[in-house]
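Under numbering that gives the first Met the number 0, the residue at position 576 of the sequence shown is numbered 575, and the numbers go up by one with no gaps. Report on the following structure.
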Amino acid sequence: MPRRRKPEVLAPAGNLRGLKTAVDFGADAVYCGGKAFGMRSAPKNLSLEDFEEGARYAHERGARVYVTLNVLPRNSEVEAMREYIGQLKDTGIDAMIVTDIGVMMMAHQIAPDIELHVSTQAGVTNYGAAQALYEFGARRVVLAREMDLQAVRDIRARIPDDMDIECFVHGAMCMAFSGRCLFSNYLTGRDGNHGECAQPCRWKYSIVEEKRPGQYYPIEQTAEGAYLFNSQDMCMLDHLDDLIDSGATSLKIEGRSKSAYYIAAMTNAYKIAVNEYMVQRGFESASGETLRPFTDRVIREGDPDWSLIVDDAAALPADAIERNADKAFAGVPGGDMGLEFAGGESDASESQTPESQTQPQTTAAATASSAAGTAAATADAATTSPNAASTAAATAASTAAKPTIDAAARAAGGTQLDELSYKARSARRKSNTAPEVLPEGWHHARVRPATHVSLPDWLLEEPDKVAHRDYSTGFYYPEHKVSQNTDRSAYFRAWMVVGEVLSWSPSEGGRVTIMSRNKIEAGQQVEFLLPGRRPFAYTMPAGGFRDADGRWVEAINNPAHVFSMPCPEPMPENTAIRSRTKRPTLKAE
């Protein structure tokens, strides 16, 4: 399969049906596990025969199939892993997702024509690690989930163009670093690093004092106790433009243990969002015709506009941003968001004085010497008049001669931080947008302002129509980090699947034959989930329900039975039918 030239929507599948559903609803690629060596043992997973059929199905529709081999194998498993890789290489799959470097070398030797993707469990947090893995043969890194947008940009700008970056965009998050956890192993003997996690991080906990056995004290003052490590789910649907602009190649939806309905709904939502991105950024027409090649929008040193100063996005020609597809803004614009800065006497353009901290940050892409405060003033002056640049440069040089004091140090009554402390603070910046240059001249990847990609309200509502915990944007925005749900571990569900389409007939104005899942009655509004478009909403008329024998029935109220009902529009086989619950519930899907 050829490599794609647009952001990839990567969907999960726990079985062959899930794989086909993901492809039908627009997935560019599907990741799934086999019967061994994957990080999810709860789903049925796929056999070798399933992989062959699934790969054929996907390839016929322009999609790819990736297989997870991302467990951390023990000595006794190495030879079995070698044998399994040998079996997989002839199934037609496109990539293997690995964590262990020994497995990577083994796969590269046994199946050299199959791409190697490095799992998030490898904990890749910097461009040096990504570059080293590239030299070992990897063509994709799944970044550690703890990365913010600035870190994604920095990695994208410093690795080879033909190395993909995969980032999580939706689904459950693990309380452990990049999913590497021993908690389950300690408490239950089920190894989370072998796909057997019991999810003890979702359990309810209370404190017991040693000399008061049997007396349980909730950690938070509620009658129910508290859930200590119960992370929120991730949802980046309304922020995909930020992530793609930061250089993400592949957008990964979590959920190999989820239902076919979940896979269909979330794959469809993210695929439509990516299509909107491509159109609104000017890469494609509304009909899907390519207008210009897609590239990531991070500025690299050596790019033609590397040193271009852009003070105000509104001052650009209307199409200037779209003509420069390798630059964009990612993050939340605004004023000084608490970026802590300090530098040495040699940092002529990096220093930030107390006075300059009160100046708002610009949303401009910085030049190679730009930083917060004084450097931003230099950029502003340079765009104001021909002689302003030299005047501003002189001011910057004069400021650099003064001791520089960072915000935290000033608050504590201290002076400037030493260089090592400075670098450590830089890694913990609070803003995704402030320009920054480290003392040794290392630059963060530049971005250029771009209009936010606007998504329709109905699309933004889709994540609320599957079972989920409270949503967050993960770690991508340092000022809005993921947190825990301390009061419950259950899923919130406001919609439910009430049936699946078996066939559609144009007779009697249109009728669908369905396999029922939940009750449907007259006057109830249902939605048919359709690939690539808004769901079809329909209010059920009275007198239209029939059982499998064609007899009229008052309502569909017998799950797992065949019924038929009116539907004026043609519906493909396996279309999910959903309806709002009468009362939102806290339960699994």
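From the three backbone atoms N, C-alpha and C, an ideal C-beta is built for every residue, glycine too.
task = With a cut-off of 8 Å on the beta carbons, I'd call threonine 98 and alanine 121 a contact; round off their distance for me.
result = Their Cβ separation, rounded to whole angstroms, is 5 Å, which keeps threonine 98 and alanine 121 in contact under 8 Å.
Alpha-carbon to alpha-carbon, glycine 549 and glycine 234 = With the sequence shown as reference, residue 234 is identified as cysteine, and glycine is not the correct amino acid for it. C-alpha of cysteine 234 to C-alpha of glycine 549: approximately 44 Å in a straight line.
key: Exposure label - arginine 255; buried when at least 16 CB within 10 Å   = Classified as buried, arginine 255 has 16 or more neighbouring CB atoms from the shown chains inside 10 Å of its CB.
ask   = What residues in its chain sit with their C-beta under 6 Å from that of glycine 85, if we drop five residues either side in the sequence?
value = Cβ contact annotation for glycine 85 (same chain, cutoff 6 Å, sequence separation greater than five): Ile109, in chain order.
ask   = Roughly how many angstroms lie between the CA atoms of arginine 81 and methionine 105, to the nearest whole one?
value = The straight-line gap from Cα to Cα measures roughly 7 Å.
query = From what residue to what residue does the beta strand (DSSP E) around valine 141 run?
reply = Counting along the chain, the unbroken beta strand (DSSP E) around valine 141 starts and ends at 139-141.
ask   = For the beta strand (DSSP E) that contains phenylalanine 50, what are its first and last residues?
value = The continuous stretches of beta strand (DSSP E) do not include phenylalanine 50, which lies in the alpha helix (DSSP H) extending over residues 47-59.
query = Going by alpha carbons, who is nearest to glutamate 507 out of Ser118, Pro569, Gly61 and Tyr490?
reply = Taking only the C-alpha atoms, the option nearest glutamate 507 is Pro569.
request  = In angstroms with no decimal places, state the Cα-to-Cα distance between phenylalanine 562 and tyrosine 537.
outcome  = Each residue's alpha carbon lies about 17 Å from the other.
ask   = Just reading off the beta strand (DSSP E) that tyrosine 260 is part of, what are its end residues?
value = No beta strand (DSSP E) contains tyrosine 260, which is instead part of the alpha helix (DSSP H) from 259-279.
Glutamate 283 burial status per 10 Å Cβ neighbour count (16 or more: buried) = Taking all protein chains shown into account, glutamate 283 has 16 or more neighbouring C-beta atoms within 10 Å of its C-beta and is therefore buried.
task = List the whole-angstrom C-beta distance separating alanine 10 from isoleucine 252, where the pair is believed to meet the contact cut-off of C-beta under 8 Å.
result = The pair is a contact, with the Cβ atoms about 5 Å apart (cut-off 8 Å).
query = Whose C-alpha, out of Glu209, Ser230 and Val168, is nearest the C-alpha of lysine 270?
reply = Of Glu209, Ser230 and Val168, the smallest CA-CA separation from lysine 270 is found for Val168.
query = Going by Cα to Cα distance, which pick from Ala247, Thr294, Leu71 and Gly101 is closest to methionine 146?
reply = When the alpha-carbon of methionine 146 is set against those of Ala247, Thr294, Leu71 and Gly101, the nearest one is in Ala247.
ask   = Identify the residues that DSSP records as bridge partners of glycine 498: which are they?
value = As a beta-bridge residue in DSSP terms, glycine 498 pairs with Ser515 and Ile576.
ask   = Beta-carbon separation of threonine 67 and isoleucine 113 under 8 Å?
value = Their beta carbons are not under 8 Å apart, which means threonine 67 does not touch isoleucine 113 by this criterion.
message = Let me check one thing: in DSSP terms, what residues is glycine 594 bridge-paired to?
response = Since the first residue of the chain shown is 0 and the last is 588, residue 594 is not available in this structure.
ask   = Near aspartate 463, which residues of its chain fall below 7 Å by C-beta distance, leaving aside the five closest residues on each side in sequence?
value = Excluding residues within five positions, the ones whose Cβ falls inside 7 Å are Ala493.
task = Specify, as a first and last residue, the run of the beta strand (DSSP E) that isoleucine 243 falls within.
result = It is not in any beta strand (DSSP E) - isoleucine 243 instead sits in the alpha helix (DSSP H) that spans 239-244.
task = Give a yes or no on whether the C-beta atoms belonging to leucine 250 and proline 6 are separated by under 8 Å.
result = In contact: leucine 250 and proline 6 (Cβ atoms closer than 8 Å).
query = Any idea what DSSP makes of valine 151, helix, strand or coil?
reply = In the structure shown, valine 151 sits in a helix (DSSP, three-state: H, G or I).
key: At least 3 beta-carbon pairs within less than 8 Å: the segment 40-57 vs the segment 14-32   = Yes, the segment 40-57 touches the segment 14-32.
task = Please look up how many angstroms separate the CB atoms of isoleucine 593 and glutamate 499, rounded, as I've assumed it's under 8 Å.
result = The structure shown does not extend to residue 593, since the chain is modelled only from 0 through 588, so no value can be given for it.
key: Residues bridged to lysine 251 (per DSSP)   = DSSP lists Leu9 and Phe167 as partners of lysine 251.
request  = Would you mind reading off the limits of the beta strand (DSSP E) that contains threonine 67?
outcome  = 63-68 is the span of the beta strand (DSSP E), which, as asked, contains threonine 67.
ask   = Is alanine 363 buried or exposed, if buried means 16 or more other CB atoms sit within 10 Å of its CB?
value = Below a pLDDT of 50, predicted positions are generally treated as unreliable, and alanine 363, at 31, falls in that range; no measurement from the model is reported.
Cβ-based neighbour list, aspartate 546, same chain, cut-off 7 Å, excluding 5 preceding and 5 following = Residues of the same chain with a CB within less than 7 Å of the CB of aspartate 546, apart from the 5 flanking positions on each side, are Val552 and Phe562 in chain order.
Collapsed DSSP secondary structure at tyrosine 476 in the structure displayed = DSSP, reduced to helix, strand and coil, places tyrosine 476 outside both helices and strands of the structure shown, so it counts as coil.
ask   = Taking all protein chains shown into account, do 16 or more other C-beta atoms lie within 10 angstroms of the C-beta of tryptophan 457, making it buried, or fewer, making it exposed?
value = Tryptophan 457 is exposed by the Cβ-count criterion.
query = By a C-beta neighbour count over all protein chains shown, 10 Å radius and 16 as the cutoff for buried, is serine 230 buried or exposed?
reply = Around the beta carbon of serine 230, a 10 Å sphere encloses 16 or more other beta carbons of the protein chains shown; the residue is thus reported as buried.
Which of helix, strand or coil DSSP assigns to glutamate 288 = When DSSP states are grouped into helix, strand and coil, glutamate 288 belongs to the coil group.
ask   = So, are the CB atoms of leucine 148 and valine 140 less than 8 Å apart?
value = Annotated as distal: leucine 148 and valine 140, with beta-carbon spacing of 8 Å or more.
ask   = For isoleucine 96, which residues does DSSP report across the bridge?
value = In the DSSP output, where bridge partners are listed per residue, isoleucine 96 has Thr67 and His116.
message = In whole angstroms, give me the CA-to-CA distance for phenylalanine 491 and alanine 466.
response = Taking the straight line joining both Cα atoms gives about 6 Å.
ask   = By DSSP, does threonine 538 sit in helix, in strand, or in coil?
value = For threonine 538, the secondary structure class from DSSP, reduced to helix, strand or coil, is strand.
task = Tell me whether arginine 60 is buried or exposed, calling it buried when 16 or more other Cβ atoms sit within 10 Å of its Cβ.
result = Here arginine 60 is exposed: its Cβ has fewer than 16 other Cβ atoms, across all protein chains shown, within 10 Å.
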